Amino acid sequence: MRKTTAVISLGIIIAILIATALLIHPFGHPPSQMDDYIIENTQSETGANNAVTSVVFDYRGFDTLGEATILFTAVTGVVMLFRRKRQPTDV
Amino acid sequence: MTGTIFNIPFLAVAALVGIALYIIISQRNLIKLVMGITILESGVNLFLITLGYRAAGIAPIYTNAPEGVMVLPVPQALTLTSIVIGVATTALMLSMIMLTYRHTGDIDSEKSRRMKG
Amino acid sequence: MSKIVRTISNLLILFILTFGLYVIMHGHLTPGGGFQGGAVFASGIALLIVAFGSYNIQKKLKEHHFSILESSGAMIFIGLAFGGIATVFFYNFLVGSPLFGHIPPPGSNPGDIWTAGIIPLMNIAVGLKVIAGLSVIVLVMALASSKIEIEE
Amino acid sequence: MHTLVAHSAILIIAIPLLAAFLTPLISRVSKKARDILVIATLVFVEFLVIILAKDIYLNGIHIYTLGASSPSLTIPEHYMVPVRIILEVDAMSIFMGIISATVSLAATIYSISFMKEETGGDRFYTLLLLLVVGMLGLEFTGDMFNMFVFLEILSISGAALAAFRTRFADALEGGFKYIVISAVGALVILFAIGIFYSQYNLLNIAALAQAMQYTMLDKIALALLAMAFTMKLAGVPMHMWAPDTYSVAPAGTTPMIYIASQACLYGLFRTCFTLYGVTLNTATIGWIVIIIGVLSMFVGVTMAVHQSDVKRLMAYHAISQSGYMLLGVGVGLAVLGNPEALASYGREAMSGGIFHIINNALYKGLLFLTAEALFFRLGTRDLNKMGGMCRNMKYTSIFFIIGALAISGIPPFNGFTSKLMIYESVYRFNPILSVIAMLVSIITLASFTKAFQAAFTGPALPQYKDVKEVPKPMLIGMGILTIIIIFFSLFPGLIVNSIVNPATDALINQATYINAVMGGL
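Those protein sequences? They're chains V, W, Z and A, same order as listed.
When we follow numbering that gives the first Met the number 0, the leftmost residue of the first sequence carries the number 0, and every step to the right adds one.
When we follow numbering that gives the first Met the number 0, the leftmost residue of the second sequence carries the number 0, and every step to the right adds one.
When we follow numbering that gives the first Met the number 0, the leftmost residue of the third sequence carries the number 0, and every step to the right adds one.
When we follow numbering that gives the first Met the number 0, the leftmost residue of the fourth sequence carries the number 0, and every step to the right adds one.
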């Protein structure tokens, strides 16, 4: 029973994936209204030659803050998991 | 449907994601489960990066840039974010598996499982 | 690890760390940035851990050193973002100022390091954070796994 | 004050984030200073949320464009699409924000005394603050990819917190299940974001909603998003992780992880109502949401009845209660394209569902806290091993009674008000659904009567003779939630009119949300 459900759902998902791959825009010709603005204005607005870095730290800097936070969270989590077990008294 | 033949990168994405989901559903070994998630992540990252490719484009960096159209910068930034997130998730999952192994001596999801129902 | 590995990694480590710092510093001009450079740098530290053993490394580089470094990097990053709050959070307030404030000529150019405002500073902050974060993950997991071996 | 309001949306996210980065440094100096910092931060966040809420109810949607030369400059000059990340806080977002901030504050105060008995407190508080950041960021952002990033912050910190008591193998199992579900769900969401990006080259929710063509690819993206969010909010049939994770999470974190799953419920509503809105074939999607809701209600409660672990029991009830919200809002979604039905009962049903979110957050939070109080004193979660605790733990048993009565929908408690709104309006949509909802409510009452009887009444067991009441901070944490529940029970009309109905209208009026960013272009 469980196996059948798994197989059916996997089949549906693979069908969806292939449909996506066939329906999506032709490879190499994406729409680019937002990115064209960035490519044109990165030098005058941020002064960075590297458009990717200007996206990472300026246009979408908040995402990067979140990303740095995720790394911080994971490090905190890993250190927390492997913390030394001390006696409760000397916390 | 024109240009289907050029959509091979997207089909590769579909293959990667499909394989990954198969692994996630079928495998009982926890390490293999994490591998499945990592492959899924690679598939999605590949998807994002292929979205941004423009035919015959150059990297969107003006330092000593040759003439030509530039590929889209935003998908590259998104992929960078996604990769770092993937590293973070994988690290945490593997740590949990290490500790589970210490407790139960097994990394089989059925045998190390305590809670049911 | 064997003596050969240790000697070679002693040789290589300098180049890896330098390259990591280069990638961090030139993030706004060439491919790379804080995350990529930080990862390169941290891979150097991972090489040290593999070559010399986590036990020997943690005598010199304690986990809490990395934690402090990571928190500081994060604080600098969010501090730079707060720096623009007179206008808007994350506003690039250094463009036009003497510090990293040059505007490059439009189009292809040879690259001037004093450009891009807060971006190079953020690259450094993120670089510190990633170096510390990835190193501490590798170090802690290596220590934990060697402990398992000792117990059994 | 004016400046504070103008920047409040970002400060609500950035201040706890700053505090989270600061906590490891401060706690090297003093543990006391760390506790004060954490509590002060959350109090300040609560204050900011309240002043922002006031501003939103007076002046409408709050917009904050990050990194632009002015917060209201959503679209660059002489251009037609937003490029930067925009925080867009409307009445629905701030409604969820109020829930998150309040419950987190109570749960954190509750956790203080718990952490005196455990190691690793520094990391615990850091993760707690990051969980708050994740929830608030997810609720306030107006950008799809940013939403994904905050979803990951929420998931990773939640998973680490669930696995906090590493000395128990099941804590690790609960945390691991949570992170696997979250990782897969988040990647599915990222895939959907990629589909949007490939069609419209946009990431902003409002801009996407305006550009939405409802093509085949959009339908696929909707299916993926709905699946991922349902997985994260523990809707049946993807609920298996919830009892395992909720039952092992330490101290005050269970309510917080639960509220985090409610934030994913917000994500689902935002997708269905704002991103797709009327372009959607709403009747079909509405029915899917209703069916998931009814299944969650029914499966959750039937699984809960025979549980002997008190936190597992509550976790299954949590799944069941989420069903009510899905049912209420699903009815609203099903009639979204039909203005007459929407006005006559759809809006009422949605208000009931949304009101149920906050009611449920309060009493479910309270119940999780009382369960953890029992575990704190008795060292067991097994109901069969408890008994007679109402003598030793008077206040806890009173809190438990209030929570249990509220969750079972007994008048005059707040759970009754929202459930009544759902019954009435759903009855006019489809009587059978309403009857099922009432039936589930009765089983809930039965289940909680059994739990109360097992834990609190009966003869005092000899091994628990010396059990004392829980420490003060725990009582304060539970007390805050109880006072709010009583307030909500006394003035339901006031609450519905002042915060619930604006939230409902914010979901229904897609155009207002779009215009706030696109400026009526």
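The beta-carbon is built from N, C-alpha and C at its ideal position, and this holds for glycine as well.
All of these numbers come straight from a predicted model, not from anything done at the bench.
- In summary, the residues of the segment 43-67 of chain V whose CB is separated from some CB of chain Z by less than 9 Å are Ser43, Glu44, Thr45, Gly46, Ala47, Asn48, Asn49, Val51, Thr52, Ser53, Val55, Phe56, Asp57, Gly60, Phe61, Thr63, Leu64, Glu66, Ala67, in the order they occur in the chain.
- Using a Cβ-Cβ cut-off of 8 Å, Met0 (chain V) does not count as an interface residue toward chain W, since no Cβ of chain W sits closer than that to its own.
- DSSP places His355 (chain A) inside the alpha helix (DSSP H), whose first and last residues are 346-377.
- For Leu24 (chain A), the enclosing alpha helix (DSSP H) has its first and last residue at 1-28.
- Apart from sequence neighbours up to five positions away, no residue of its chain approaches Ile441 (chain A) with a beta-carbon distance below 7 Å.
- By a beta-carbon distance limit of 8 Å, Leu126 (chain A) contacts Ser156 (chain A). Their separation comes to about 5 Å.
- Per DSSP, the continuous beta strand (DSSP E) segment holding Val88 (chain A) begins and ends at 85-88.
- Judged by their CB atoms, Met33 (chain V) and Val293 (chain A) are not nearer to each other than the 8 Å cut-off.
- Bridge partners of Asn40 (chain V) according to DSSP: none are assigned.
- According to the DSSP secondary-structure assignment, Tyr63 (chain A) is paired through a beta bridge with A:Leu86.
- With respect to Ile48 (chain W), Pro72 (chain W) sits apart: the two C-beta atoms are not nearer than 8 Å.
- Within chain Z, the residues whose beta carbon sits less than 9 Å from that of Met97 (chain W) are Met140, Ala143, Ser144, Ile147, listed in sequence order.
- Taking 3 residues as the shortest admissible run, the segment 82-143 of chain A contains the following complete beta strand (DSSP E) segments, listed from N- to C-terminal end: 85-88.
- Residue ranges of uninterrupted beta strand (DSSP E) with 3 or more members are absent from the segment 243-289 of chain A; none lies entirely inside it.
- In chain order, Ala115, Ile118, Pro119 place their CB closer than 6 Å to the CB of His27 (chain Z), counting only its own chain and leaving out the 5 sequence neighbours on each side.
- The C-beta separation of Phe89 (chain Z) from Gly83 (chain Z) comes to about 6 Å, placing the pair in contact by the 8 Å criterion.
- Collapsing the DSSP output to three states places Asn508 (chain A) in coil.
- Proximity to His63 (chain Z) across V:Gly10, V:Ile12, V:Arg82, V:Leu64 peaks at V:Arg82, based on C-alpha coordinates.
- Between Ile318 (chain A) and Gly345 (chain A), the CB-CB gap reaches or exceeds 8 Å.
- At a cut-off of 4 residues, not a single continuous stretch assigned as alpha helix (DSSP H) sits fully inside the segment 31-92 of chain W.
- Contact of Met121 (chain Z) with chain A is not assigned, every C-beta pair being separated by 8 Å or more.
- For Leu68 (chain Z), the CB contacts under 7 Å within the same chain, skipping 5 residues up- and downstream, are Leu127, Ala131 in chain order.
- At a beta-carbon threshold of 7 Å, the residues of chain Z lying near Ile9 (chain A) are Phe88, ordered along the chain.
- Between the segment 94-104 of chain W and the segment 75-84 of chain W there are fewer than three inter-stretch CB-CB distances shorter than 8 Å, so the stretches are not counted as touching.
- Not flagged as an interface residue toward chain W: Thr114 (chain Z), since no C-beta distance is shorter than 8 Å.
- Around His101 (chain Z), the same chain offers Asp111, Trp113, Thr114 as residues with beta carbons nearer than 8 Å, after the five sequence neighbours per side are excluded.
- Its Cα nearest to that of Ala39 (chain A), the residue A:Thr22 stands out among A:Thr22, A:Gly336, A:Ala403.
- DSSP, read as helix, strand or coil, puts Asn337 (chain A) in coil.
- With a cut-off of 8 Å on Cβ pairs, the segment 63-80 of chain A is not in contact with the segment 476-494 of chain A, counting fewer than three such pairs.
- Listed by position along chain Z, the residues whose Cβ is nearer than 9 Å to that of Leu79 (chain W) are Gly32, Phe34, Gln35.
- For the segment 39-58 of chain W, the beta-carbon criterion of a distance under 7 Å to any beta-carbon of chain Z is satisfied by Ala58.
- Scanning A:Ile401, A:Ile431, A:Gly518 for the CA closest to the CA of Leu444 (chain A) turns up A:Ile401.
- Remark: fewer than three beta-carbon pairs, one from each stretch, lie closer than 8 Å, so the segment 120-140 of chain A and the segment 222-229 of chain A are not flagged as touching.
- For Ser94 (chain W), the residues of chain Z that pass the 7 Å Cβ criterion are Met140, in the order they occur in the chain.
- In this structure, the beta-carbon distance from Met388 (chain A) to Phe455 (chain A) falls below 8 Å.
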